[in-house]
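Input: a single structure, listed below in structure tokens.
There are 2 protein chains.
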Amino acid sequence: MSTLAELKTFAITNTLRSCQLFTGLPPQDLANIAAVTVVKSLEKGEYLFHEGDVASGFYVIQRGAVNVHRVTATGKEQVIHVFRTGDSFAEVALAAPTGYPADARALENSQVLLVQKDGILTLLKRQPELALRMLGSMSSHLRVLVGQIEDLTVKDVETRLANWLVKRCPNPQSEALVKIELTTNKRVLAAELGTVSETFSRTLAKFRGLKLIAVKGKTLTVLSPAKLHALLKRNLGE
Amino acid sequence: MSTLAELKTFAITNTLRSCQLFTGLPPQDLANIAAVTVVKSLEKGEYLFHEGDVASGFYVIQRGAVNVHRVTATGKEQVIHVFRTGDSFAEVALAAPTGYPADARALENSQVLLVQKDGILTLLKRQPELALRMLGSMSSHLRVLVGQIEDLTVKDVETRLANWLVKRCPNPQSEALVKIELTTNKRVLAAELGTVSETFSRTLAKFRGLKLIAVKGKTLTVLSPAKLHALLKRNLGE
DNA sequence: ACGGTTATTTGACCTGAATCAAATTAATAC
DNA sequence: GTATTAATTTGATTCAGGTCAAATAACCGT
């Protein structure tokens, strides 16, 4: 085996190890997985796959961010989830129906690993432990989706935003300022919250009026996690 | 082993065999699974589990129907899916976080099999083939959920109902009448479609006015699948 | 700094659908 | 049957939030 190939494998195993799905696996297993993995570079805005594409495997993000979404017939984009470094997604590829159920597009320049379906399936047959991990990973995606469904139907935008903000506060009870750096533009974030930029903007403005947050460019500052948390409770509570 | 126990195992393996998840498995495997399975009877309206309950395993429906849903803080029920005879659900139980992510309640008198977590995990470690099946099953649930998210956010009630109806027409292009028997009351169906009974009723009325369907008690008749399909296309299309 | 493009904000307007209330129509018990 | 209760329908009202339009503000290449 050439030194170059070894180097590549080394880089891949390093990424795999840092991925939730594979942490703690013995080096030999990682090497085996690396052997069925290829690296892909994505420009910002580039599509990784489209809905219905034949699924060639699942992905692990080495660097960057990928937006998994559906495009509706009216052209609107419904964000399912934004995955970031270390996340794995599209494990759904391993199952029988061969098409991906959604679109995936890089939100920034990214590097991802494609764990190829055929290869990993062979491995899974020999490594039940690995299969259990995949089960775990998929189940956590299921949980996220179940949560999404609730988020999208039940709550109004104000509550969804409050929820989103509170989730990002280390301690929602405290009065300590929390700075949140937006990693995407506000239109994408609005889409994640199931709304449009105009409404998102208005809701931010409302919160600003209530002295709950301060907004400066891409930096949101939660002025009072406790108050925000109280608002959230009130909106849900009774 | 007593004859009674053998009989019970026989009944269980029969149900397991008829479940998508396990069809085609060798008898010995089925017996092994049956050994870690217990039967549960549910009265109509009885809860199988609540959100957050420690997950003791996943379920296969032997007879009846189970409504998996979330209850929101405001008391409303968001249906995630209605499972029926032969379906398996709550495979999410096998993964690490121990709580179920939703509620499950019998819509009618039902009998379900609980495939116990500890037992099946042991089996999975020896049977990668089985693990792959579970992966497939979970991935199909993921697909359903991804579809749901689109359904719930994107379309208006008219489109959702048209979609629901068209899905139940063997051939959406044809003009042949299609009779659909409702298995639940209309309030539950409305909830599945992400709306309330009033709006559901109005939408049915609108379709009746358009001569697209006829309604008689719990029987819906699609008068012209082709026309309905055209309406759906139009609502989505452009 | 300057022109051009894109992102964000604000305003005005409108619609789908939830809610509340009331009338009808099943369904079930007695 | 008749009384009760639950399910469904219809009417009237209200409002969150999406859409369109226009004004700023931020960003980028030169």
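First to last, the sequence lines map onto chains R and B.
Taking numbering that gives the first Met the number 0, the leading residue of the first sequence gets 0, the next gets one more, and so forth.
Taking numbering that gives the first Met the number 0, the leading residue of the second sequence gets 0, the next gets one more, and so forth.
Here a beta-carbon is modelled for each residue, glycine too, at the ideal position from N, C-alpha and C.
- R/Leu160 and R/Thr182 have their C-alpha atoms some 16 Å from each other.
- Following the DSSP letters along the chain, one finds B/Lys178 in no alpha helix (DSSP H) but inside the beta strand (DSSP E) bounded by residues 177-180.
- Taking the Cα positions, B/Ala94 is about 6 Å away from R/Ser138.
- Residue R/Ala101 holds the alpha-carbon nearest to the alpha-carbon of R/His49 among R/Glu107, R/Ser223, R/Trp163, R/Ala101.
- An exposed status is given to B/Gln172, since fewer than 16 other beta-carbon atoms sit within 10 Å of its beta-carbon.
- Only Leu120, Leu123, Lys124, Arg125, Gln126, Pro127, Glu128, Ala130, Leu131, Met133, Leu134, Gly135 from the segment 119-135 of chain R bring a Cβ to less than 8 Å from some Cβ of chain B.
- Taking the beta carbon of B/Val59 as reference, no residue of chain R falls within 7 Å; the closest one sits roughly 17 Å away.
- Within chain R, Arg69, Ile79, Pro100, Ala101, Leu144 have C-beta atoms less than 8 Å from the C-beta of B/Val145, given in sequence order.
- Among the residues facing chain R, B/Ser196 is not included, as its CB has no counterpart in that chain under 9 Å away.
- Taking a contact to require three or more Cβ pairs closer than 8 Å, the segment 220-234 of chain R and the segment 48-68 of chain B do not qualify as touching.
- Chain-order list of chain B residues neighbouring R/Ser87: empty, with the shortest C-beta distance near 13 Å, by a criterion of under 7 Å.
- B/Ser55 is outside the set of residues whose beta carbon lies under 9 Å from a beta carbon in chain R.
- Taking each of B/Val187, B/Arg69, B/Ser40, B/Lys205 in turn and checking the Cα distance to B/Gly51, the smallest one comes out for B/Arg69.
- B/Lys166 places its beta carbon 9 Å or farther from that of B/Leu235.
- Three or more Cβ pairs drawn from the segment 10-29 of chain B and the segment 123-141 of chain B lie within less than 8 Å of each other, which places the two stretches in contact.
- A check of alpha carbon separations from R/Val114 across R/Lys43, R/Asn108, R/Leu122 identifies R/Leu122 as the nearest.
- At least one beta carbon of chain R lies nearer than 9 Å to the beta carbon of B/Ser138.
- Of the residues assessed, B/Phe199 falls on the buried side of the cut-off, its CB having 16 or more other CB atoms within 10 angstroms.
- Using a Cβ distance threshold of 9 Å, B/Leu164 and B/Val221 count as a contacting pair.
- When secondary structure is reduced to three states using DSSP, B/Gln27 falls in the helix class.
- Counting C-beta atoms within 10 angstroms of its own C-beta, R/Ser40 has fewer than 16 neighbours from the protein chains shown and is therefore classed as exposed.
- Per DSSP, R/Val195 lies in no beta strand (DSSP E) segment and is marked neither H nor E.
- Boundaries of the alpha helix (DSSP H) around R/Arg159: 156-166.
- C-alpha of B/Glu76 to C-alpha of R/Thr36: approximately 43 Å in a straight line.
- With a 10 Å radius around the Cβ and a threshold of 16 neighbouring Cβ atoms, R/Asp117 comes out exposed.
- Between B/Thr97 and the set B/Ser55, B/Phe82, B/Cys18, the nearest pair of CA atoms involves B/Ser55.
- If you draw a straight line from the Cα of R/Cys168 to the Cα of R/Pro224, it is about 7 Å long.
- In the DSSP assignment, R/Gln61 forms no beta bridge with any residue.
- According to the DSSP assignment, B/Asp102 belongs to no alpha helix (DSSP H) but to the beta strand (DSSP E) extending over 102-105.
- Of B/Asn162, B/Lys178, B/Val53, B/Ile11, the smallest CA-CA separation from B/Leu192 is found for B/Asn162.
- In this chain, the alpha helix (DSSP H) harbouring R/Leu120 covers 116-125.
- R/Ala89 is not a Cβ neighbour of R/Tyr46, given a cutoff of 9 Å.
- B/Thr220 sits in a strand when the DSSP states are folded into three classes.
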